[in-house]
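Data first, discussion second: the structure below is written as structure tokens.
Number of protein chains: 2
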Amino acid sequence: MRDITPKYKDVSKWYQDVVVKAELADYSPVKGSMVIRPYGFALWESIQKFMDNFIKKAGVKNAYFPLFIPESYLHKEKEHVEGFSPQVAVVTFAGGEELKEKLVVRPTSETIMYEMYKQWFHSWRDLPVLINQWNNVVRWEKRTYLFLRTSEFLWQEGHCAHATHEDNWKTVLWAMNLYKKTYQNLMGVYGIVGKKSQSEKFAGGDNTLTYEIMMPDGKALQGCTSHDLGQNFAKAFNWTVLDQGGAPLYPYQNSWGFSTRSIGALILAHGDDDGLIMPPEIAPVQVVIVPIYKTENKDKVIECSRKIVKKLGSFRIELDLHDDETAGFKYNKWEMKGVPVRIEIGEKEVNDQSLTLVRRDTKEKIKIKESDLKSSLKKVLEEIQNNLFEKHKKTTEENTHQAKTYDEFKKIMKSTKGFIYAFWCENVDCEEKIKSETKATTRCLPLKAKKENGKCIYCGRKANYRWVFAQAY
Amino acid sequence: MRDITPKYKDVSKWYQDVVVKAELADYSPVKGSMVIRPYGFALWESIQKFMDNFIKKAGVKNAYFPLFIPESYLHKEKEHVEGFSPQVAVVTFAGGEELKEKLVVRPTSETIMYEMYKQWFHSWRDLPVLINQWNNVVRWEKRTYLFLRTSEFLWQEGHCAHATHEDNWKTVLWAMNLYKKTYQNLMGVYGIVGKKSQSEKFAGGDNTLTYEIMMPDGKALQGCTSHDLGQNFAKAFNWTVLDQGGAPLYPYQNSWGFSTRSIGALILAHGDDDGLIMPPEIAPVQVVIVPIYKTENKDKVIECSRKIVKKLGSFRIELDLHDDETAGFKYNKWEMKGVPVRIEIGEKEVNDQSLTLVRRDTKEKIKIKESDLKSSLKKVLEEIQNNLFEKHKKTTEENTHQAKTYDEFKKIMKSTKGFIYAFWCENVDCEEKIKSETKATTRCLPLKAKKENGKCIYCGRKANYRWVFAQAY
Numbered sequence: 000m001r002d003i004t005p006k007y008k009d010v011s012k013w014y015q016d017v018v019v020k021a022e023l024a025d026y027s028p029v030k031g032s033m034v035i036r037p038y039g040f041a042l043w044e045s046i047q048k049f050m051d052n053f054i055k056k057a058g059v060k061n062a063y064f065p066l067f068i069p070e071s072y073l074h075k076e077k078e079h080v081e082g083f084s085p086q087v088a089v090v091t092f093a094g095g096e097e098l099k100e101k102l103v104v105r106p107t108s109e110t111i112m113y114e115m116y117k118q119w120f121h122s123w124r125d126l127p128v129l130i131n132q133w134n135n136v137v138r139w140e141k142r143t144y145l146f147l148r149t150s151e152f153l154w155q156e157g158h159c160a161h162a163t164h165e166d167n168w169k170t171v172l173w174a175m176n177l178y179k180k181t182y183q184n185l186m187g188v189y190g191i192v193g194k195k196s197q198s199e200k201f202a203g204g205d206n207t208l209t210y211e212i213m214m215p216d217g218k219a220l221q222g223c224t225s226h227d228l229g230q231n232f233a234k235a236f237n238w239t240v241l242d243q244g245g246a247p248l249y250p251y252q253n254s255w256g257f258s259t260r261s262i263g264a265l266i267l268a269h270g271d272d273d274g275l276i277m278p279p280e281i282a283p284v285q286v287v288i289v290p291i292y293k294t295e296n297k298d299k300v301i302e303c304s305r306k307i308v309k310k311l312g313s314f315r316i317e318l319d320l321h322d323d324e325t326a327g328f329k330y331n332k333w334e335m336k337g338v339p340v341r342i343e344i345g346e347k348e349v350n351d352q353s354l355t356l357v358r359r360d361t362k363e364k365i366k367i368k369e370s371d372l373k374s375s376l377k378k379v380l381e382e383i384q385n386n387l388f389e390k391h392k393k394t395t396e397e398n399t400h401q402a403k404t405y406d407e408f409k410k411i412m413k414s415t416k417g418f419i420y421a422f423w424c425e426n427v428d429c430e431e432k433i434k435s436e437t438k439a440t441t442r443c444l445p446l447k448a449k450k451e452n453g454k455c456i457y458c459g460r461k462a463n464y465r466w467v468f469a470q471a472y
Numbered sequence: 000m001r002d003i004t005p006k007y008k009d010v011s012k013w014y015q016d017v018v019v020k021a022e023l024a025d026y027s028p029v030k031g032s033m034v035i036r037p038y039g040f041a042l043w044e045s046i047q048k049f050m051d052n053f054i055k056k057a058g059v060k061n062a063y064f065p066l067f068i069p070e071s072y073l074h075k076e077k078e079h080v081e082g083f084s085p086q087v088a089v090v091t092f093a094g095g096e097e098l099k100e101k102l103v104v105r106p107t108s109e110t111i112m113y114e115m116y117k118q119w120f121h122s123w124r125d126l127p128v129l130i131n132q133w134n135n136v137v138r139w140e141k142r143t144y145l146f147l148r149t150s151e152f153l154w155q156e157g158h159c160a161h162a163t164h165e166d167n168w169k170t171v172l173w174a175m176n177l178y179k180k181t182y183q184n185l186m187g188v189y190g191i192v193g194k195k196s197q198s199e200k201f202a203g204g205d206n207t208l209t210y211e212i213m214m215p216d217g218k219a220l221q222g223c224t225s226h227d228l229g230q231n232f233a234k235a236f237n238w239t240v241l242d243q244g245g246a247p248l249y250p251y252q253n254s255w256g257f258s259t260r261s262i263g264a265l266i267l268a269h270g271d272d273d274g275l276i277m278p279p280e281i282a283p284v285q286v287v288i289v290p291i292y293k294t295e296n297k298d299k300v301i302e303c304s305r306k307i308v309k310k311l312g313s314f315r316i317e318l319d320l321h322d323d324e325t326a327g328f329k330y331n332k333w334e335m336k337g338v339p340v341r342i343e344i345g346e347k348e349v350n351d352q353s354l355t356l357v358r359r360d361t362k363e364k365i366k367i368k369e370s371d372l373k374s375s376l377k378k379v380l381e382e383i384q385n386n387l388f389e390k391h392k393k394t395t396e397e398n399t400h401q402a403k404t405y406d407e408f409k410k411i412m413k414s415t416k417g418f419i420y421a422f423w424c425e426n427v428d429c430e431e432k433i434k435s436e437t438k439a440t441t442r443c444l445p446l447k448a449k450k451e452n453g454k455c456i457y458c459g460r461k462a463n464y465r466w467v468f469a470q471a472y
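Chains A and B, in that order, are what the protein sequence lines are.
So the first sequence is numbered by numbering that gives the first Met the number 0: it starts at 0 and just counts up by one.
So the second sequence is numbered by numbering that gives the first Met the number 0: it starts at 0 and just counts up by one.
Pasting the structure below:
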């Protein structure tokens, strides 16, 4: 009836069905890219509003740097170009002629931004540099996985510079905290904050923090990242500022990004067989009112519905007046779109001055007095928000394992998958072998991890920390 | 001392100096493109906030369509491809290989959007389609003219579709009204709303409305446009919906765009020999406080300054605490940035509980009681906003001429330039000859124009309307 694949029958198929049917996004004619439809874009606008407020409060200023980067710039940082070259799109022809220097469509903006930083900032007084931009970037993909893997995506990229490594690291942590808050308080998505291994970190950086999210198929999604770039780029661009003593100093830099990919995590974390489930904080529509009437009471019912809409002006509300659709069709449609609360208004509701709120997450029906409407609705929306986060946290915990032996590790990765905490010696050889044998990669070393006396699950050598492993999206 | 060219000595040089010195924008390493610095981007954010509010209120929803358009799509509408082909940037190589079909970096999004509209909307019930996007577009330029002419620029492009031409035209007008409001109420920039001639209209459309702005060198700037596309694109894409009777209908479409170019108009309209002048409504900083102290009274003066900042929390305010700069240096710096009001706080102000507001536009000093601060400041900011608009309107009117003969027309275009109202027969031959002989093009037929009994200024044949001519940016 819903015309979508049941979620736990085939998560990937369910996901693609639901994204298209709920009109969040669609495939574009160019392979690998996507169109974000208004209902999906409203989610991104919620995220932007939430994050931009904190970004500005921290004194970080928005700016805009060019889409096109001269190819030679990308080559200035050796690891950086190796990491991004295979994925770039290249403009070779413009304004009616072949270009002398090819232009790369930005896959990320470190190189073009830091060239400008070098031109603009010359003294310790100019530090810290606190700049962010909201833009589009391109990293070539042959197959589209809506929101999760697309050639072009939207994001913000923050690029700060500091006089000391300590201050720089504080910004790296601040950004990851902002991301955690966005995922947890706005999107109801639980995750683990940790440090990437050297082979999984950002190309050209020293260290990367990540927010790793458990998905319903037991795979992990890298939710966003915040990078400590050290002095690598300052050195590559030969950018120095004069310190207080008048000596040249290579500034310490960081970059941090949060993209439309996060919307994929949101969808996967909360949806069910009836479609999306939207946490109220981010929901483009928090409440939908479906009037139920016959010809003889239509005016009365609609008048009452409009009165309710007016009363609920501070909520994001939609009144569904389509008269070519049955009530049942409308219920399904709004459930598919994941609207947190539905209010049905018919003859009975008009007469009784009582209302029924239908929760999208639990399907529970809650009878309330019309006079309590605002406070009851507020309470229910808060409960839904909490419930979705707690549910995702619980699922994540149920899918989190401790492996004491490599056999145990392999067994888990073959069956339920999920996160596995296991000792690792931090040697890249073991990491690669585990990956090729189990498809599981190191996701992160949790920031909360404590030093222990352990043995690497693969080679048995000394290992100080339990890392988190999982198969990745 | 200011290190900028006097405005009326060389407007173009003054403009470039001021944009760079006030840190609005800078040249990017790629010819033709630019970097928008935080102070300049804050202007764009003000514009976005102002416009997006009205866009949403009108029921238009934001979405996001891809950056890359298959080359064949651009070719679907004949005039459209002819208009844009010479300016497109082309991706020929991506993901490590030559592309089978070249991809055009969007110069505007009609073609990619309407392909999706065709896939999504099939019934009269789906109309009107009301969609907008905020994005970046690329139209190749070899020389950068910061904000005014850059290969990449930021804008919004609205794309609506209606069942009737009448409704479609209403949206075209609504968009132009929104633009007028943005220019006049937010940016204090006067202009003439009118219809473009057939040779100056949008490539592929039926009619274009424009907002034409008079610049200090007597040239006109096309401030933004709103296009009636008729059924041209629906036919080119073979997009029909079923009307109420079940018959196929080609929807009527419109598109309307407002770009970062507008910031160029803002700068040119208001600045003077000391730098920018920002209308308070759009100013990123409305008030700057410059404390003036010696070692012995530093604490007292700064404490008082902070108290004032706190009191003025509802204004966009900056307290300049740089202790490596003299007061005079700070005055110049904030004048360059065009901050509407400066408040100087020294020993005297601390003791007297009185303050002096210094207006950026008139340089006037206004003594006020500290107890009246908020209301006085509000009043002064309103006065500045009005004054700037009235001043630009007056300058425009002083630069607006009526030409009765072609000799008169030529004389004006050789000397002061400006807008010229003159009868034109609407024949493209006359338009072209006037352009090649005087560099003046038809800017628009004002919406307010009345039908008259006139003779074309060039050929002497019957002409019904006085068109506005000017040399254009």
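Note that beta-carbon positions come from the ideal geometry of N, C-alpha and C, so glycine has one too.
Enclosing alpha helix (DSSP H) for residue i [first to last residue]
i, result
"residue 420 (chain B)", "Premise fails: residue 420 (chain B) lies in the beta strand (DSSP E), 418-423, not in any alpha helix (DSSP H)."
"residue 302 (chain A)", "297-310"
"residue 348 (chain B)", "346-351"
"residue 455 (chain A)", "It is not in any alpha helix (DSSP H) - residue 455 (chain A) carries neither H nor E in the DSSP assignment."
"residue 397 (chain A)", "372-397"
"residue 464 (chain A)", "Premise fails: residue 464 (chain A) lies in the beta strand (DSSP E), 464-470, not in any alpha helix (DSSP H)."
Residue i classed as buried or exposed, judged by whether at least 16 other C-beta atoms fall within 10 angstroms
i, result
"residue 6 (chain A)", "buried"
"residue 0 (chain B)", "In this prediction, residue 0 (chain B) scores a pLDDT of 45, lower than 50, which makes its location untrustworthy; the coordinate-derived value is nonetheless stated afterwards. Residue 0 (chain B) comes out exposed."
"residue 309 (chain B)", "exposed"
"residue 406 (chain A)", "exposed"
"residue 320 (chain A)", "exposed"
"residue 334 (chain A)", "buried"
"residue 348 (chain B)", "buried"
"residue 400 (chain A)", "buried"
"residue 473 (chain B)", "Here chain B has residues from 0 to 472 only, and residue 473 (chain B) is not among them."
Unbroken beta strand (DSSP E) run spanning residue i, endpoints
i, result
"residue 257 (chain A)", "251-258"
"residue 287 (chain A)", "286-290"
"residue 533 (chain B)", "Residue coverage of chain B in this structure runs from 0 to 472, which leaves residue 533 (chain B) outside it and unanswerable."
"residue 366 (chain A)", "364-368"
"residue 213 (chain A)", "206-213"
"residue 473 (chain A)", "Residue 473 (chain A) lies beyond the range of chain A shown here (0 to 472); nothing can be said about it."
Discussion item. Quick check: the region 427-442 of chain A against the region 450-469 of chain A, are at least 3 beta-carbon pairs closer than 8 Å?
Written reply: yes
Discussion item. Runs of 3 residues minimum, wholly inside the region 57-138 of chain A: which ones carry the beta strand (DSSP E) assignment?
Written reply: 67-69, 88-93, 96-104 and 128-137
Discussion item. Give me the subset of the region 91-107 of chain A whose CB atoms are less than 9 Å from a CB atom of chain C, sorted by chain position.
Written reply: The chain labelled as chain C is not found among the protein chains of the depicted structure, namely A and B.
Discussion item. Check whether the region 122-142 of chain B and the region 240-256 of chain B are in contact - that is, three or more C-beta pairs closer than 8 Å.
Written reply: yes
Worksheet entry | At least 3 beta-carbon pairs within less than 8 Å: the region 289-304 of chain A vs the region 194-202 of chain A | no
Practice prompt. Please list the residues of the region 138-154 of chain B that have a C-beta atom closer than 7 Å to any C-beta atom in chain A, keeping them in chain order.
Written response: 139, 141, 151 and 153
Worksheet entry | Short-range partners of chain B found in the region 250-284 of chain A, where Cβ spacing is below 9 Å | 259
Discussion item. For the pair the region 25-35 of chain A and the region 98-110 of chain A, tell me if three or more CB-CB distances fall below 8 Å.
Written reply: no
Item to complete: With 7 Å as the C-beta to C-beta threshold (strictly closer), list the residues of the region 308-327 of chain A near chain B in chain order.
Response: 323
Worksheet item: Per the contact definition of three or more C-beta pairs closer than 8 Å, is the region 233-246 of chain A in contact with the region 254-269 of chain A?
Response: no
Fill in: the region 3-22 of chain A contacting the region 35-54 of chain A, beta-carbon criterion three pairs below 8 Å
yes
Discussion item. So if I threshold CB-CB distances at 9 Å, which residues from the region 398-427 of chain B count as touching chain A?
Written reply: none
Discussion item. To be precise: take each residue of the region 41-71 of chain A, compare its Cβ to all Cβ atoms of chain B, and keep it if any distance is under 7 Å. Which residues remain?
Written reply: 44, 60, 61, 62, 63, 64, 65, 66, 67 and 69
Fill in: Stretch pair the region 179-194 of chain A + the region 437-444 of chain A: three plus CB contacts closer than 8 Å
yes
Worksheet item: With a cut-off of 8 Å, do at least 3 Cβ pairs link the region 201-209 of chain A to the region 226-238 of chain A?
Response: yes
Item to complete: Compile a chain-ordered list of the residues in the region 107-125 of chain A whose CB is closer than 8 Å to at least one CB of chain B.
Response: 111, 114, 115, 118, 119 and 124
Worksheet item: Do the region 146-158 of chain B and the region 179-191 of chain B meet, that is, are 3 or more Cβ pairs less than 8 Å apart?
Response: no
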